[in-house]
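Asks: Structure below; questions to follow.
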Amino acid sequence: MKSLPVLLLLPLALLAGCSKSTPPTGPGTAARPLVIGVAFETLQTEYWVAGFEAIRADLKQRGYPMLEAVADGDTNRQFDQVRNFITRRVDGIILVPKDSKTCLPMIKAANTAGIPIVLFNRPADRSDARAVTVVADNFALTRETVAYLVAEAGKSGRRHQAMILIGDLGDPNAIGRRDGFDAAIKGHEAIIDVVARIPTEWNQEKAQAGVVNALQAHPDLSFIFTSSDFLLPSIVSALKSAGRYHKIGAPGHVILGGFDGDATAYQMLKDGYLDATGVQDVYFEARASVQAILDLRASKPVPDLIPDPGFVIHQGNLVAKAPQMWGARLARK
Amino acid sequence: MNAPAAAFDPRPPRPAHPRPARLRRALLADGFVLGLCGLYAAAVAPFTPGFATAGNAVNLLVTLLPLFVVALGQTVVLIAGGIDLSVTAVIGLASIAGAMAMNAQTGWLAGSVWAAPVGVVLMLAIGAAVGAGNGLAVTRLRMPAFIVTLAGMMGYGGLAVWLTKSKAINELPTAFNALGGRLGFALLIAAAAGGLVHLILSRSLFGRWLYAVGHNARAAHISGVPVAGVTFSAYVGSGLLAALAAVLLTGQAETGSPVLGQRILLDVIGATVIGGTSLFGGRGKVLWTLSGVLFLKLVDNSLNLLNLSLFTITMVKGGVILLAAVLDALRTRWAGFRR
Numbered sequence: 028m029k030s031l032p033v034l035l036l037l038p039l040a041l042l043a044g045c046s047k048s049t050p051p052t053g054p055g056t057a058a059r060p061l062v063i064g065v066a067f068e069t070l071q072t073e074y075w076v077a078g079f080e081a082i083r084a085d086l087k088q089r090g091y092p093m094l095e096a097v098a099d100g101d102t103n104r105q106f107d108q109v110r111n112f113i114t115r116r117v118d119g120i121i122l123v124p125k126d127s128k129t130c131l132p133m134i135k136a137a138n139t140a141g142i143p144i145v146l147f148n149r150p151a152d153r154s155d156a157r158a159v160t161v162v163a164d165n166f167a168l169t170r171e172t173v174a175y176l177v178a179e180a181g182k183s184g185r186r187h188q189a190m191i192l193i194g195d196l197g198d199p200n201a202i203g204r205r206d207g208f209d210a211a212i213k214g215h216e217a218i219i220d221v222v223a224r225i226p227t228e229w230n231q232e233k234a235q236a237g238v239v240n241a242l243q244a245h246p247d248l249s250f251i252f253t254s255s256d257f258l259l260p261s262i263v264s265a266l267k268s269a270g271r272y273h274k275i276g277a278p279g280h281v282i283l284g285g286f287d288g289d290a291t292a293y294q295m296l297k298d299g300y301l302d303a304t305g306v307q308d309v310y311f312e313a314r315a316s317v318q319a320i321l322d323l324r325a326s327k328p329v330p331d332l333i334p335d336p337g338f339v340i341h342q343g344n345l346v347a348k349a350p351q352m353w354g355a356r357l358a359r360k
Numbered sequence: 004m005n006a007p008a009a010a011f012d013p014r015p016p017r018p019a020h021p022r023p024a025r026l027r028r029a030l031l032a033d034g035f036v037l038g039l040c041g042l043y044a045a046a047v048a049p050f051t052p053g054f055a056t057a058g059n060a061v062n063l064l065v066t067l068l069p070l071f072v073v074a075l076g077q078t079v080v081l082i083a084g085g086i087d088l089s090v091t092a093v094i095g096l097a098s099i100a101g102a103m104a105m106n107a108q109t110g111w112l113a114g115s116v117w118a119a120p121v122g123v124v125l126m127l128a129i130g131a132a133v134g135a136g137n138g139l140a141v142t143r144l145r146m147p148a149f150i151v152t153l154a155g156m157m158g159y160g161g162l163a164v165w166l167t168k169s170k171a172i173n174e175l176p177t178a179f180n181a182l183g184g185r186l187g188f189a190l191l192i193a194a195a196a197g198g199l200v201h202l203i204l205s206r207s208l209f210g211r212w213l214y215a216v217g218h219n220a221r222a223a224h225i226s227g228v229p230v231a232g233v234t235f236s237a238y239v240g241s242g243l244l245a246a247l248a249a250v251l252l253t254g255q256a257e258t259g260s261p262v263l264g265q266r267i268l269l270d271v272i273g274a275t276v277i278g279g280t281s282l283f284g285g286r287g288k289v290l291w292t293l294s295g296v297l298f299l300k301l302v303d304n305s306l307n308l309l310n311l312s313l314f315t316i317t318m319v320k321g322g323v324i325l326l327a328a329v330l331d332a333l334r335t336r337w338a339g340f341r342r
């Protein structure tokens, strides 16, 4: 028993005693490829997988090794992973945080270590922590997408009962999309009556349950916007169960819109079930994130916010825009 | 005709199978898992970049301490023959309650010098209250601990999300953030909690009651042990320690979040069992739990540094925990109820 404290200290002493740092990977070391740490909060949806792979491909093309970490929605785990990157003296960090607040200590830790950090697709709250953010204008792109849907609804000459599936409100992108939806609806109350707002917390099961309940409570519901395309299968399942899943132009068609531009959305557009979706350019965001790290390391000026212009894809421009849609590329693979 | 009697041999009988006997002794030794930690660290250090550095030792400690504090509570409950699945929900609920009270913009303690201490007390009180609810349901309503605490995990977790509409809350007092964010403070808090629980378990009458209840509740009751009171106190302690872990985790993240700690339940129970605390009750020690937490974190940390994916890490950890559960069954069979 008396040797227990000694035993207890042994592993930590082993760690602490072997060396002070990892010598070959310090920043500024000449003639070696840069090592970039990429920490994603989740790989739960196609968008994040596509983003992760796009960053990996971009780094590979440039000849830079990538250290990867996925936190599976656990903020503290992600902080641990960022600290591990710092311990390994990576040359840059690309981070997808869980939300806009819990990432601030991570950014500060990278700042203190002098490691450039870029937020991929999710911005942080304003603070003294310094990071570059590459993100689509979620508000504007959603407003544009929903405006198209409202125009389509207006063609029917009747009032539509509408539903929005809202994401995790800790995620600024979800808030931007919700506000973009509201802004597009504003002034068109004669056409659109929002009767259901489903908080999904980015969870498919919650989304499906919410849609099923809403369809039961509002059988005349005929307009659905989802804040992310990854929830489309839940909507389709609920609509099918209610016998409400019909193609565009068919009687009883529920006007459907989304955001992201994933492979499911592309297939539904192609098959004539989805009216429109706002597409984030995942390849642009990946390229811009890596480039921002390189520019920061080279002390070049980099804006705090690099906007992804994105675009709305709908039945009218499907053929022309599909080659730029990341989901279409995935679907064709 | 009777067979001739064998000559008396004063030496203890040799075990029929010396190797299993040695394995038994090793498995039952107090320092078994700690020894494994040392061996594991020595084995992976040469080929894990950044593993054998002072910075990584600090990282390891920072992430180890909150898990150790939650696992302490789980140890107490497991010793008493129960289980507490609601600890992760307690962490989320205590985290957002404290953050709501202390937030510099909207908190009712905003700007007060008492914000940090009152916030901490509030968080601990919430943990104790949830633990008391669990304890009452298990002892008074005689409900299975698994169901009570599973329902608690869902109910309190849902309450935390509902209260905040899923939003994280930051702008907390610097003094509060330092409790979890500064290693010295966090170490002090975790050491104090560990020391206190160790003293209770090893030096107090309550500790002996706890083992007796976990060992055989009916026998303990006949012997005059207040079984219901002891079980109730174990759950209160678990809730309290989960809330203390929430203080550390919230301070580290500088943010209160309803989903803080949501994913660590497997680590909490896994680390406790890896250390040697029995899932069958009646056996467990603080040092065992500490060694279990250390082992799990060493595995996690090294696999992270080896750039393995989360899925691989999760699979390996699952395997380690399963192995620990098998060892627990073996220990229980071999040791009887040796403590």
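From first to last, the protein sequence lines are chains A and B. Counting in the numbering used here, the first sequence runs from 28 upward without gaps. Counting in the numbering used here, the second sequence runs from 4 upward without gaps. The C-beta atom is built at its ideal place from N, Cα and C for all residues, glycine as well.
Determine, using beta carbons only, whether Phe311(A) comes closer than 8 Å to chain B.
Replies: No, Phe311(A) lies away from the interface with chain B (no Cβ there is under 8 Å from its Cβ).
Asks: Please tell me whether Leu313(B) and Asp99(A) are closer than 8 Å, where the distance is taken between their beta carbons.
Replies: Yes; because the gap between Cβ atoms is below 8 Å, this pair is in contact.
Asks: Closer than 7 Å by C-beta to Leu131(A): which residues in its own chain qualify, once you throw out the five before and the five after it? Chain order, please.
Replies: These residues qualify, in order along the chain: Ala151, Asp152, Ser154 and Ala156.
Asks: Check whether the Cβ of Thr139(A) lies closer than 8 Å to any Cβ atom in chain B.
Replies: Chain B contact via Cβ: absent.
Asks: With distance defined between alpha-carbon atoms, name the residue in Val76(A), Ala66(A) and Val62(A) nearest to Asp289(A).
Replies: When only C-alpha atoms are compared, the closest one is Val76(A).
Asks: Would you check if the distance between the CB atom of Val90(B) and the CB atom of Leu213(B) is smaller than 8 Å?
Replies: Contact flag unset, no.
Asks: Can the beta-carbon of Val319(B) be found closer than 8 Å to that of Val302(B)?
Replies: Yes, they are a contact pair.
Asks: Helix, strand or coil, according to DSSP, for Glu174(B) in the structure here?
Replies: Glu174(B) falls in the coil class under three-state DSSP.
Asks: Taking only beta-carbon positions, decide if Gly55(A) is within less than 8 Å of chain B.
Replies: With a pLDDT of 45 at Gly55(A), under the threshold of 50, the predicted position of this residue should be treated as unreliable, though the coordinate-derived value follows. For Gly55(A), the answer is no, since every Cβ of chain B falls outside 8 Å of its Cβ.
Asks: Out of Leu258(A), Gly337(A), Gln318(A) and Met133(A), which has the shortest C-alpha to C-alpha gap to Val329(A)?
Replies: Looking at the Cα atoms, Gln318(A) is the closest of the given residues.
Asks: With 16 as the cutoff for other CB atoms within 10 Å, does Ala102(A) come out buried or exposed?
Replies: The residue asked about is misnamed: residue 102(A) is Thr in this sequence, not Ala. Buried is the call here.
Asks: On the DSSP bridge assignment, give the partners of Gly119(A) in chain order.
Replies: In DSSP, Gly119(A) forms a bridge with Ile63(A).
Asks: How big is the Cα-Cα spacing for Asp198(A) and Arg104(A)?
Replies: Cα to Cα, the separation comes out at about 18 Å.
Asks: Hey, does Gly58(B) have any beta-carbon neighbour from chain A nearer than 8 Å?
Replies: Closer than 8 Å: yes.
Asks: Roughly how many whole angstroms lie between the Cα atoms of Val233(B) and His218(B)?
Replies: Taking the straight line from one Cα to the other gives about 13 Å.
Asks: Thinking C-beta only, is Ala241(A) closer than 8 Å to Met190(A)?
Replies: It is a contact, given that the beta carbons lie within the stated cut-off.
Asks: Quick check on Ala57(A): buried or exposed, where buried means 16 or more other Cβ atoms within 10 Å of its Cβ?
Replies: Legend: pLDDT at Ala57(A) = 48, less than 50; position of this residue unreliable, no value from coordinates given.
Asks: Quick test of the definition: if touching needs 3 or more C-beta pairs under 8 Å, does the segment 137 to 147 of chain B touch the segment 69 to 78 of chain B?
Replies: Result no; under three Cβ-Cβ pairs closer than 8 Å.
Asks: How big is the Cα-Cα spacing for Ile324(B) and Ile262(A)?
Replies: If I take the Cα positions, the gap works out to 38 Å.
Asks: Between Ala118(B) and Pro176(B), which are expected to be in contact by the criterion C-beta below 8 Å, what is the C-beta distance as a whole number of angstroms?
Replies: Their Cβ separation, rounded to whole angstroms, is 5 Å, which keeps Ala118(B) and Pro176(B) in contact under 8 Å.
Asks: Which class does Glu95(A) belong to by DSSP, given the choice of helix, strand or coil?
Replies: Residue state, collapsed to three classes: strand.
Asks: What's the call for Phe54(B), buried or exposed, on a 16-neighbour Cβ count within 10 Å?
Replies: Label assigned to Phe54(B): buried.
Asks: Mark Pro51(A) as exposed unless 16 or more other C-beta atoms lie within 10 angstroms of its C-beta, in which case mark it buried.
Replies: Note that Pro51(A) scores 42 on pLDDT, short of 50, meaning its location in the model is unreliable; the coordinates nonetheless yield the value given after this. Flag for Pro51(A) reads exposed.
Asks: Please decide whether Lys320(B) counts as near chain A, where near means a Cβ-Cβ distance under 8 Å.
Replies: False, the Cβ-Cβ gap to chain A never drops below 8 Å.
Asks: Could you work out which residues of chain A lie near Arg266(B), taking near to mean beta carbons separated by less than 8 Å?
Replies: Asp99, Gly100, Asp101 and Arg104, listed in chain order.
Asks: Just curious, the alpha helix (DSSP H) that Thr234(B) is in, first and last residue?
Replies: Thr234(B) -> alpha helix (DSSP H) spans Val230 to Ala256.
Asks: Straight-line CA distance for Leu190(B) to Phe252(A)?
Replies: Distance between the alpha carbons of Leu190(B) and Phe252(A): 49 Å.
Asks: Per DSSP, what are the beta-bridge partners of Ile225(A) in this structure?
Replies: Answer is Leu192(A), bridged to Ile225(A).
Asks: Going by alpha carbons, who is nearest to Ile340(A) out of Asp302(A), Arg314(A) and Ile225(A)?
Replies: That would be Asp302(A), whose Cα lies nearest to the Cα of Ile340(A).
Asks: For Phe179(B) and Thr258(B), I'd like the C-alpha separation in whole angstroms.
Replies: When rounded, the distance between both Cα atoms is 10 Å.
Asks: State the beta-bridge partners of Pro334(A) as determined by DSSP.
Replies: Paired residues: Val162(A).
Asks: Would you give the residue range spanned by the beta strand (DSSP E) that Val306(A) belongs to?
Replies: That run of the beta strand (DSSP E) goes Ala303 to Val306.
Asks: Alpha carbon to alpha carbon, how far is Phe209(B) from Ala128(B)? Give it in angstroms, no decimals.
Replies: Roughly 22 Å between the two C-alpha positions.
Asks: Label Ala137(A) either buried or exposed according to how many other C-beta atoms from any shown protein chain fall within 10 Å of its C-beta, with 16 as the threshold for buried.
Replies: It counts as buried.
Asks: On the three-state DSSP scale, how would you describe Val65(B)?
Replies: DSSP places Val65(B) in helix when its eight states are reduced to three.
Asks: For a contact defined as C-beta to C-beta under 8 Å, what are the partners of Asn307(B) on chain A?
Replies: The answer, in chain order, is Ala96, Asp107, Gln108 and Asn111.
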